[in-house]
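See structure below.
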Amino acid sequence: MKYVLLLRYDIRHPMAGNTAFHFAETLIQMNHTLLGIFLMHESVHIANVLAMPAQDETAYQKSWADLAEKHPFEISVCQTAGIRRGVIDQIQAQQEGMTHKENMHESYQLAGLGQFVALCSQADRVITFGGQP
Amino acid sequence: MSKKKKILFIFKKPPYESALFQETLDLLFVCSAFEHEVCVIWAGDGLFSLQKNQAPEKVKIISQLLLTLPMYGIERYFAQESALLDRGLSLADCILNPITPLSDLEMAALIETHDCIFTD
Chain F
31 MKYVLLLRYD
41 IRHPMAGNTA
51 FHFAETLIQM
61 NHTLLGIFLM
71 HESVHIANVL
81 AMPAQDETAY
91 QKSWADLAEK
101 HPFEISVCQT
111 AGIRRGVIDQ
121 IQAQQEGMTH
131 KENMHESYQL
141 AGLGQFVALC
151 SQADRVITFG
161 GQP
Chain U
86 MSKKKKILFI
96 FKKPPYESAL
106 FQETLDLLFV
116 CSAFEHEVCV
126 IWAGDGLFSL
136 QKNQAPEKVK
146 IISQLLLTLP
156 MYGIERYFAQ
166 ESALLDRGLS
176 LADCILNPIT
186 PLSDLEMAAL
196 IETHDCIFTD
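For the protein sequence lines, the chains are F and U, in the order given. Read in order, the letters of the first sequence are residues 31 to 163 in the numbering used here. Read in order, the letters of the second sequence are residues 86 to 205 in the numbering used here.
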């Protein structure tokens, strides 16, 4: 089956990323396909290089990037949510006249909701991670 | 490769609590623009977003945003009956109509008929 994961949890909870990442790893191990992950709401900060977890916490930013390198899938950050929370890539920074102020990890990209819905259209399952903020 | 899906949106949060409502509504409009079949349930505190006579100062009026749903061709509206009763709300005070009340069992049945569920 083809999966798309929607991440919208608050990254300040150290265990929050664990379920989503473990789910992604497992579905790949079971020979399902991960089409992509989409970061919305507070999860946009997963892509933020300036948001660094504590020494004894897992750095999911790198975990997702490494996983996407081994088993290629899209890692997209919701554009509206990202801009609102100060997580921007190079293109957006240039457009806003804030060159060199971009703070997005190189493996992540800003994308509109249209891209997310187009991805969901191809998926058999869309799983959301993250309830109450 | 991509097919039309039946997508269900469930609004459970009170309307002015956070940006979540607006961001979920944006997702709903995009799903509709992609011509998926969209259906909406208002449950729990989400029912407050349907109430007439909202007059917040300095922020967008949520009920006005909901009035644009018919323009996107979204016409199937449902409300969780138990939540209406718990909150002392009536469908007559809602800005959209017709809204079909659902028992919790009917809600579960409706959820089961959809391909994809998004909540706020």
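C-beta: ideal position from N, C-alpha, C; glycine also. Small disclaimer: the values here were computed from a predicted structure and weren't measured.
Handout entry: Within chain U, partners of L143(F) - CB distance below 7 Å
Key = D111, L112 and V115
Problem - Ordered list of alpha helix (DSSP H) runs contained in the segment 32-77 of chain F, each at least 4 residues - result: 46-59
Handout entry: Pairwise C-alpha distance: D111(U) and C108(F)
Key = 11 Å
Practice task
Count the C-beta pairs between the segment 128-142 of chain F and the segment 76-84 of chain F that are closer than 8 Å, then say yes if the count reaches three, no if not.
Solution key: yes
Problem - For R172(U), the residue or residues it bridges with in DSSP - result: R172(U) is not bridged to any residue.
Exercise for the section: Quick one: which residues of the segment 167-198 of chain U get their C-beta closer than 7 Å to a C-beta of chain F? List them in chain order. Expected result: none
Problem - Close-in-space but distant-in-sequence residues of the same chain around T109(U) (CB under 8 Å, 5 per side omitted) - result: F94, F96, F203, T204 and D205
Handout entry: Within 7 Å of chain U by C-beta, residues of the segment 67-99 of chain F in sequence order
Key = M70 and H71
Handout entry: Cut-off 7 Å between Cβ atoms - residues of its own chain near A89(F), not counting five sequence neighbours on either side
Key = P83
Practice task
Tell me where the beta strand (DSSP E) around V123(U) begins and ends.
Solution key: E122 to W127
Practice task
On a CA-only basis, which of P44(F), A148(F), S151(F) and G127(F) is nearest Q85(F)? Give me that one, please.
Solution key: P44(F)
Handout entry: is_contact[L35(F), chain U] using C-beta, thresh 9 Å
Key = no
Exercise for the section: Throw me the rounded Cβ distance for the L176(U) and A164(U) pair, which I believe falls under 8 Å. Expected result: 7 Å
Problem - CB contact below 9 Å: I202(U) versus chain F - result: yes
Exercise for the section: Mind checking the segment 110-123 of chain F against chain U and listing, in chain order, the residues whose C-beta falls within less than 8 Å of any C-beta there? Expected result: T110, A111 and R114
Problem - Span separating the alpha-carbon of D40(F) from that of G158(U) - result: 33 Å
Problem - Where K88(U) meets chain F, residues with beta-carbon distance less than 8 Å - result: S151
Handout entry: Endpoints, the alpha helix (DSSP H) within which K91(U) is located
Key = Premise fails: K91(U) lies in the beta strand (DSSP E), K91 to F96, not in any alpha helix (DSSP H).
Exercise for the section: For I146(U), I'd like the list of residues in its chain whose CB is within less than 8 Å of its CB, leaving aside the five on either flank, ordered along the chain. Expected result: Q139 and A140
Practice task
Please work out which residues of its chain come closer than 8 Å, Cβ to Cβ, to I118(F), disregarding the five sequence neighbours upstream and downstream, and give them in chain order.
Solution key: G112, E126, M128, K131, E132, N133, M134 and L140
Problem - CA-to-CA distance, T153(U) to A50(F), given in whole angstroms - result: 34 Å
Exercise for the section: Classify Y157(U) as helix, strand or coil using the three-state DSSP reduction. Expected result: helix
Handout entry: Limits of the alpha helix (DSSP H) - the one that I105(F) falls within
Key = Segment E104 to C108 is the beta strand (DSSP E) holding I105(F); no alpha helix (DSSP H) there.
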